[in-house]
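*Asks:* Chains as they are written, first to last, in the working numbering: chain P, 2 to 49; chain V, 577 to 1271.
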Amino acid sequence: MDDPIEQASSEVKKIIKRVLDVEKSRLDKNEQGRINEDILKIVKEEVQ
Amino acid sequence: MKLISIKLFNFRCFYQQTPEIMLARSEDRNITILHGNNGTGKTSLLNAFTWVLYDKFTAAFADPEQLVNRQAIAEAQPKQSTDCWAEVLFEHDGKRYRVRRQCQAHKIENKGERSIEYSKRELFLQVAGDDGRWAIHNQMPDVIINGILPKSLHQYFFFDGERIEQIVRSDNRNEIAEATKKLLGVQVLDNAIKHLKEARKSLEEELKSVGDAQTKTLISQKQKVENDIVECETRIQEIEQEVEAQSQLRVSCNQRLSELGGIEEIQKRREALEAQERENRDNLRRTKNELKQAISTQGYSVFLPQAIADFRELVGGLHERGELPADIKQTFVLDLLERRKCICGAALHDGSPNYEEVKSWLEKAGLADVETATLKLEGFVDEVEKQATDFWQGIDTKQVSISHLKNSISRLELELEDIREQLRKSPIEDIRQMQTRLDEIDLKVEDLNLEKGRKLQKCTDYQQQVENLQKQIKSSKQNEGKQKLAQKRIDAAQQAIDLLIEFKTNRNEQFRKQLETRIDEIFSQISFKAQTPRLSEKYELSLVETIAGQEVPSGASTGENQILSLSFIGSVIDSVRKWSKSGLLMGPDSSTFPIVMDSPFGSLDEIYRRQVARLIPQLANQLVVMVSKTQWRMEVAEEMTPRIGKEYVFVFNSNKPDTQTDDIFLYGNSYPLVRQSAYDYEYTEVMEVNRDSTT
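(1) Per DSSP, what kind of secondary structure is V/Lys-917 in: helix, strand or coil?
(2) Which chain P residues sit within Cβ distance under 7 Å of V/Lys-1064?
(3) In three-state DSSP terms, what is V/Arg-1110?
(4) Would V/Val-644 pass as a contact of V/Asp-659 if the rule is Cβ separation under 9 Å?
(5) Check whether the Cβ atoms of V/Ala-1072 and V/Leu-783 sit closer than 9 Å, and answer yes or no.
(6) The beta strand (DSSP E) with V/Gln-642 in it runs from where to where?
(7) V/Leu-938 bridges to which residues according to DSSP?
(8) Whose C-alpha, out of V/Val-806, V/Glu-889 and V/Lys-844, is nearest the C-alpha of V/Ile-995?
(9) Assuming V/Ile-580 and V/Arg-605 are in contact, meaning their beta carbons sit under 8 Å apart, how far apart are those beta carbons, in whole angstroms?
(10) Check the Cβ of V/Ala-775 against every Cβ in chain P and list those closer than 7 Å, keeping chain order.
(11) Starting from the beta carbon of V/Glu-1078, find every residue of chain P whose beta carbon is closer than 9 Å, and list them in chain order.
(12) Going by beta-carbon coordinates alone, are V/Ser-1230 and V/Asp-1239 separated by less than 9 Å?
(13) Alpha carbon to alpha carbon, what distance is there between V/Leu-860 and V/Val-1265?
(14) Between V/Ser-1100 and V/Ala-1106, what straight-line distance do the alpha-carbon atoms span, to the nearest angstrom?
(15) Measure the C-alpha to C-alpha separation of V/Ser-657 and V/Glu-651 and round it to an integer number of angstroms.
(16) Excluding sequence positions up to five away, which residues of its chain have a Cβ less than 8 Å from the Cβ of V/Asn-1084?
(17) If the cut is a Cβ gap below 8 Å, which residues of chain P does V/Gln-571 touch?
(18) Just to confirm, does V/Phe-735 get its C-beta within under 8 Å of one of the non-hydrogen atoms of the ligand FAD?
(19) Could you give the residue range of the beta strand (DSSP E) that holds V/Pro-654?
(20) Taking the C-alpha atoms as reference points, what is the distance between V/Thr-1217 and V/Asp-631?
(21) Find the nearest neighbour of V/Thr-873 within the set V/Lys-905, V/Glu-780 and V/Phe-967, judged by alpha-carbon distance.
(22) Which residue wins for smallest C-alpha separation from V/Thr-1093, given the options V/Asp-858, V/Asp-1268, V/Leu-1140 and V/Lys-1050?
(23) Is the beta carbon of V/Arg-1088 less than 9 Å from the beta carbon of V/Leu-1119?
(24) Can you give me the C-alpha to C-alpha distance between V/Leu-1195 and V/Ile-871, rounded to a whole angstrom?
(25) Mind pulling the chain B residues with CB within less than 9 Å of V/Leu-779?
(26) Are there 16 or more other CB atoms within 10 angstroms of the CB of P/Lys-25, so buried, or fewer, so exposed?
(27) When Cβ atoms are compared, which residues of the segment 754 to 772 of chain V fall closer than 7 Å to chain P?
(28) What is the rounded straight-line gap between the Cα of V/Lys-1080 and the Cα of V/Leu-765?
(29) Given a cut-off of 9 Å, decide if V/Gly-612 and V/Phe-1228 are closer than it, judged by their beta-carbon atoms.
(30) Relative to chain P, which residues along the segment 650 to 665 of chain V have a C-beta separation below 8 Å, given in chain order?
(31) So what does DSSP say about V/Pro-1170, is it helix, strand or coil?
(32) Have a look at the DSSP bridge pairing and note the partners of V/Leu-701.
(33) Can you give me the C-alpha to C-alpha distance between V/Val-878 and V/Asn-983, rounded to a whole angstrom?
(34) Could you please tell me which residues of the segment 889 to 916 of chain V, in chain order, have their CB closer than 7 Å to any CB of chain P?
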């Protein structure tokens, strides 16, 4: 598959991977509510 | 999801508790067959599945509010409740689930008058722990079931075979597209994009708080334009929904018009013309896109003839002057000058006439490189010249097609307008009114589409403004470390958003193309006609055939539409399963699917019945089929029998005096389909077929 994500820098790749993991787990558990803080934390941790 | 068993209690014609109907689920024997005559519980069983899992019923299920067995209610005392339930056992992703939905009928007696009231339906779900003990799950049952096989998809896995052709109806296309995307796990990507956008906004707020005055102003401007974009996009969505609603309204108006007497032929003609017009417009759109694609990828070739002519003239001149082919190499001359000795033995001192003579050969010798380059370029130039010819031929063909399609659309529009005019002037008022309604709808849709176009243009302008502001923010002075870091984080979040959007678009398109190929493969295995299924970008399913090199829409019979729908379902299952196994899905595990079909071979001819019976068990992991004796014909039985793992007969016990009994012969034994009830009430029993007698 022609995956555009593979072209990204390592920190952006890590952000995408972690965000997708969080979203998938939330969907599996059907958790509601805002997750802005979680995603914001991921971006901040990966870009120092 | 793999279904293990189903059990019913006082559910419709099933009086008291049925035995547990175990469902075949091994890989090589994955079919369960349930034989029954009309009205003896086949559709009830299908609806027991959809009721338990989704609280839904199929269109053919009469009086869905009356689920409780009438005899059971009759036996109850006044003020007494009668239970009714259905229980399904299934496994998914290594876990076993037990789901029961139940309701009660209450016998009410008020001033001598008796009535029945039905209680609210309740759903219970238990999950088996590692020790095998059943426990209540901490999540809502319907949430768990939805996570395993979404409710919006249930009609593709639990369906009435006689009505399956409805899947290809155009008014279902959005539903199909959305349902399929759900299986692909697009929701995970959508949520990720949405939440990253929110995070980016928070980061922008942070930048605003630490940034200088100019940065603050630019961010505020950008946020304002972004809000405008959201407003614009929201309105576009509303318009699309409104257009869809108007289209539905149009369908129902046309139906009502068809029902009015005297204009059946005109309506049929109108429907045919409208179908042709739609098809022509689709073809026009596709051909225009192909034209754009050809121009953007091969159009450069038309600007090259002058350059090619110059090149040929230059090379020709070199040949004429004898400068090509070059007979001396530059490296050879340089070597002589370096060694200070000519091949004739003469010394080559700097500045001497001999030296200058040999040095002058360098100019000529340089052409050897030109010669090498010329040889390479000549081949390329020939190829480019051929490309230009092909390009023009392709463009001519497409332009002719576009012109034909435009003419055809104009002709169809005129014919349709004639019909509309006839109906507007009809002596029957109802017809006139209905046509006026249709005119209003068309006008409304036109206005909405124009507004949508304007909004789309605005959105593009706003996007451009955002990009410009983003560039300005990035280029503004950022001395503070905090400010730089905030900007870096915003950039990273934005890149992640852009990449996820691109990834999602690629993935959707890739899946749609794979799906179309698979539908074609399955359809061509079943159908004996040279028709090809097409799945549009909006997931519209249609059949085309190729006449004189052109694809034209092919009218499909009910049977062909049924095959097309089955091919679609089979393809979705097959493709999602493949993606799931390759780890390409973002959503919940979706590698195992059941299909529960009632009367799957109703409108099909023998040849189609055989092909469907052969193919479907290979596509779904598990198949539960309810059939009448006439549907269980030789070819169906021949194809399915080797894969049957479980088989049952619904025995209808009729309380009608002198009931005409009926039997079915299976594996050398006779099983009753209809027999005289031993009681004064009717009921259906479930009897397992002994397959060991022959296997």
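From the three backbone atoms N, C-alpha and C, an ideal C-beta is built for every residue, glycine too.
*Replies:* Short version:
(1) The sequence position of residue 917 of chain V within the second sequence is 341, counting from 1. Three-state result, V/Lys-917: strand.
(2) Indexing the second sequence from 1 puts residue 1064 of chain V at position 488. Near V/Lys-1064 (Cβ distances below 7 Å), the residues of chain P are Val-48.
(3) Position 534 of the second sequence, counting from 1, holds the residue named residue 1110 of chain V. In the structure shown, V/Arg-1110 sits in a strand (DSSP, three-state: E or B).
(4) Stepping through the second sequence from its first residue, residue 644 of chain V is reached at position 68. Stepping through the second sequence from its first residue, residue 659 of chain V is reached at position 83. Yes, the pair counts as a contact, with Cβ atoms nearer than the cut-off.
(5) The residue given as residue 1072 of chain V occupies position 496 in the second sequence. The residue given as residue 783 of chain V occupies position 207 in the second sequence. Taking 9 Å as the Cβ cut-off, V/Ala-1072 and V/Leu-783 do not qualify as a contacting pair.
(6) In the second sequence, the residue the question calls residue 642 of chain V occupies position 66. That residue, V/Gln-642, is in no beta strand (DSSP E); it is neither H nor E in DSSP.
(7) To locate residue 938 of chain V, count along the second sequence from 1; it is residue 362. Its beta-bridge partners do not exist; DSSP assigns none.
(8) Stepping through the second sequence from its first residue, residue 995 of chain V is reached at position 419. It is V/Lys-844.
(9) One-based indexing of the second sequence puts residue 580 of chain V at position 4. One-based indexing of the second sequence puts residue 605 of chain V at position 29. 15 Å between Cβ atoms; not a contact.
(10) In the second sequence, the residue the question calls residue 775 of chain V occupies position 199. Within 7 Å Cβ-Cβ: Asn-37, Ile-40, Leu-41 and Val-44.
(11) Here residue 1078 of chain V corresponds to residue number 502 of the second sequence, with the count starting at 1. Chain P residues near V/Glu-1078: Pro-5 and Ile-6.
(12) Along the second sequence, one-based indexing puts residue 1230 of chain V at 654. Along the second sequence, one-based indexing puts residue 1239 of chain V at 663. It is not a contact, given that the beta carbons lie outside the stated cut-off.
(13) As a position in the second sequence, residue 1265 of chain V is number 689, starting the count at 1. As a position in the second sequence, residue 860 of chain V is number 284, starting the count at 1. Roughly 57 Å separates the two Cα atoms.
(14) Translated into the one-based positions of the second sequence, residue 1100 of chain V becomes position 524. Translated into the one-based positions of the second sequence, residue 1106 of chain V becomes position 530. Rounded to the nearest angstrom, the two C-alpha atoms are 8 Å apart.
(15) In the second sequence, counting from the first residue as 1, residue 657 of chain V sits at position 81. In the second sequence, counting from the first residue as 1, residue 651 of chain V sits at position 75. When rounded, the distance between both Cα atoms is 10 Å.
(16) As a position in the second sequence, residue 1084 of chain V is number 508, starting the count at 1. Cβ within range, chain order: Lys-757, Leu-760 and Val-762.
(17) What is shown of chain V runs 577 to 1271, which leaves residue 571 of chain V out entirely.
(18) This structure simply doesn't include the ligand FAD, nor any ligand for that matter.
(19) Indexing the second sequence from 1 puts residue 654 of chain V at position 78. First-last for V/Pro-654: undefined, no H or E at that position.
(20) For the purposes of this step, residue 1217 of chain V is taken as residue 641 along the second sequence, with counting starting at 1. For the purposes of this step, residue 631 of chain V is taken as residue 55 along the second sequence, with counting starting at 1. Whole-angstrom Cα-Cα distance: 32 Å.
(21) Position 297 of the second sequence, counted from the start, is the residue given in the question as residue 873 of chain V. Checking every option, the nearest Cα to that of V/Thr-873 belongs to V/Phe-967.
(22) To locate residue 1093 of chain V, count along the second sequence from 1; it is residue 517. Comparing Cα positions, the closest option is V/Leu-1140.
(23) The sequence position of residue 1088 of chain V within the second sequence is 512, counting from 1. The sequence position of residue 1119 of chain V within the second sequence is 543, counting from 1. Contact: no.
(24) For the purposes of this step, residue 1195 of chain V is taken as residue 619 along the second sequence, with counting starting at 1. For the purposes of this step, residue 871 of chain V is taken as residue 295 along the second sequence, with counting starting at 1. Answer to the nearest angstrom: the Cα atoms are 42 Å apart.
(25) In the structure shown, chain B cannot be found, because the protein chains are P and V.
(26) Against the first sequence, residue 25 of chain P aligns to sequence position 24. Buried is the call here.
(27) Gln-763, Val-764, Asn-767, Ala-768, His-771 and Leu-772
(28) Counted from its first residue, the second sequence places residue 1080 of chain V at position 504. Counted from its first residue, the second sequence places residue 765 of chain V at position 189. Rounded to whole angstroms, V/Lys-1080 to V/Leu-765 spans 7 Å at the Cα level.
(29) One-based indexing of the second sequence puts residue 1228 of chain V at position 652. One-based indexing of the second sequence puts residue 612 of chain V at position 36. Yes, these two residues count as a Cβ contact at 9 Å.
(30) none
(31) Within the second sequence, numbered from 1, the residue matching residue 1170 of chain V stands at position 594. In the structure shown, V/Pro-1170 sits in a strand (DSSP, three-state: E or B).
(32) Position 125 of the second sequence, counted from the first residue, corresponds to residue 701 of chain V. Partner(s): V/Val-675.
(33) One-based indexing of the second sequence puts residue 878 of chain V at position 302. One-based indexing of the second sequence puts residue 983 of chain V at position 407. Distance between the alpha carbons of V/Val-878 and V/Asn-983: 28 Å.
(34) none
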